[in-house]
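Peer 1: The sequence shown begins at 4 in the UniProt record's numbering and counts up by one.
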Amino acid sequence: KIAVVGSSNTDMIIKMERIPKPGETILGGEFTTAPGGKGANQAVAAARAGGAVRLVARVGTDMFGNQAVEGFVGDNIDVSHVLRDRGEPSGVALIFVDHQGENSIAVASGANGRLSPADVQAATGAIAEADVLIMQLETPLDTVSEAAAIAARAGVRSILNPAPAQALDDELLRRISILTPNESEAELLTGLAINTDADAAEAANALSQKGVGVVLITLGARGVFVHGDGVHDLVPGFEVEAVDTTAAGDVFNGALAVALAEGTPLGEAVHFANAAAAISVTRLGAQPSAPSRQEIDAFLRE
Ligand code: ADP
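(1) Can you round the beta-carbon distance between residue 7 and residue 86 to whole angstroms, since I take them to be within the 8 Å contact cut?
(2) On a CA-only basis, which of 221, 235, 184 and 199 is nearest residue 208? Give me that one, please.
(3) Hey, out of 26, 166 and 155, whose CA is closest to residue 221's CA?
(4) Could you check whether the Cβ of residue 147 sits closer than 6 Å to any heavy atom belonging to the ligand ADP?
(5) Helix, strand or coil: how does DSSP classify residue 57 here?
(6) DSSP state of residue 289, grouped into three classes?
(7) Would you kindly work out how many angstroms separate the C-alpha atoms of residue 63 and residue 142, rounded to a whole number?
(8) Answer yes or no: the CB of residue 248 versus the heavy atoms of the ligand ADP, is any distance below 6 Å?
(9) Determine the extent of the alpha helix (DSSP H) in which residue 66 is found, giving its start and end residues.
(10) At what residue ranges does the segment 206-268 contain a whole run of the beta strand (DSSP E), taking only runs of 3 or more?
(11) Are the CB atoms of residue 188 and residue 206 nearer to each other than 7 Å?
(12) Going along the chain, which residues of its own chain have a beta-carbon closer than 8 Å to the beta-carbon of residue 80, five neighbours each way excluded?
(13) Near residue 88, what residues of its chain come up, given a Cβ to Cβ distance below 6 Å and the 5 sequence neighbours on each side ignored?
(14) Tell me whether the segment 259-266 and the segment 128-147 touch, counting them as touching only if at least three CB pairs, one residue from each stretch, are closer than 8 Å.
(15) State the start and end residues of the unbroken alpha helix (DSSP H) segment that holds residue 120.
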């Protein structure tokens, strides 16, 4: 069982020749919407990878919230702790993508910003019954902290994906079983520049000295530097034809939680999560790119 505490957004994407400057209007874009938000992405990735997932989140009572919840139900995610907020709109991200794939993103957190410590307290049962809890940083920090405390008290393994990057206090870090920064997030958290695997090893050491049990620094196509549980090594990624790396980290975290919940040893769980994330980068989009368990198992047999 997996519990996810986090954000749900609707991504509204306009693909166009170039991103408009302030005051400028450009015609000729192509519009798509897609479900997103790191919490929702990780919940969907975990559910597809074979986890029984409960999501703790807040959306509005608008059309976007309705569509998000419908999507979760379609992926067999338990939505009994997805709260509907009458006062705030659902979270949205407005995204411009230019012809080179460069993007410019504005996020209105809306209801995500109202996910409170009291909300996660009300979901204590769902968190305490889980094998693994997953969190990110698109909801208020005191809410993340409360969820981590509930998991720590219940002896539930917790994963914090510290994205988007933000400074974190040592008290929160001590409550986390597994921290999964990417390179730039690890740089922000440690102040160390990461260019080589040796740099990643040093940053992982620095984070573990702050009290995090296991540190996994994701290094894009190179894979993951693993520190903790008796491992201090690079677990290489898979070579694939990357089309769109959006949500690679989200798929990694969701799949990792599933493998760990199944009792898979850390190194092997990271290998499984690398496979899921590698498949996702060969496909467009965030949630649409998350692979099923069958697809992950088939990829690993290849
Ligand atoms: P984020 O998406 O959060 O920036 P990374 O870029 O580190 O995080 O990617 C997370 C994981 O996704 C990597 O550790 C790896 O397993 C996988 N991944 C990302 N990019 C690629 C790629 N180009 N080829 C294969 N795997 C990838």
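Even for Gly, the Cβ is constructed at its ideal location relative to N, Cα and C.
Peer 2: On the basis of the data shown:
(1) In fact, because the Cβ distance is near 14 Å, the residues do not count as touching under 8 Å.
(2) 235
(3) 166
(4) no
(5) strand
(6) coil
(7) 14 Å
(8) yes
(9) 66-77
(10) Segments of the beta strand (DSSP E) lying fully in the segment 206-268: 217-221, 226-231 and 234-239.
(11) No, Cβ-Cβ distance for residue 188 and residue 206 is not below 7 Å.
(12) 46, 47, 50, 56, 57 and 58
(13) 61, 63, 114 and 117
(14) yes
(15) Unbroken alpha helix (DSSP H) run through residue 120: 120-125.
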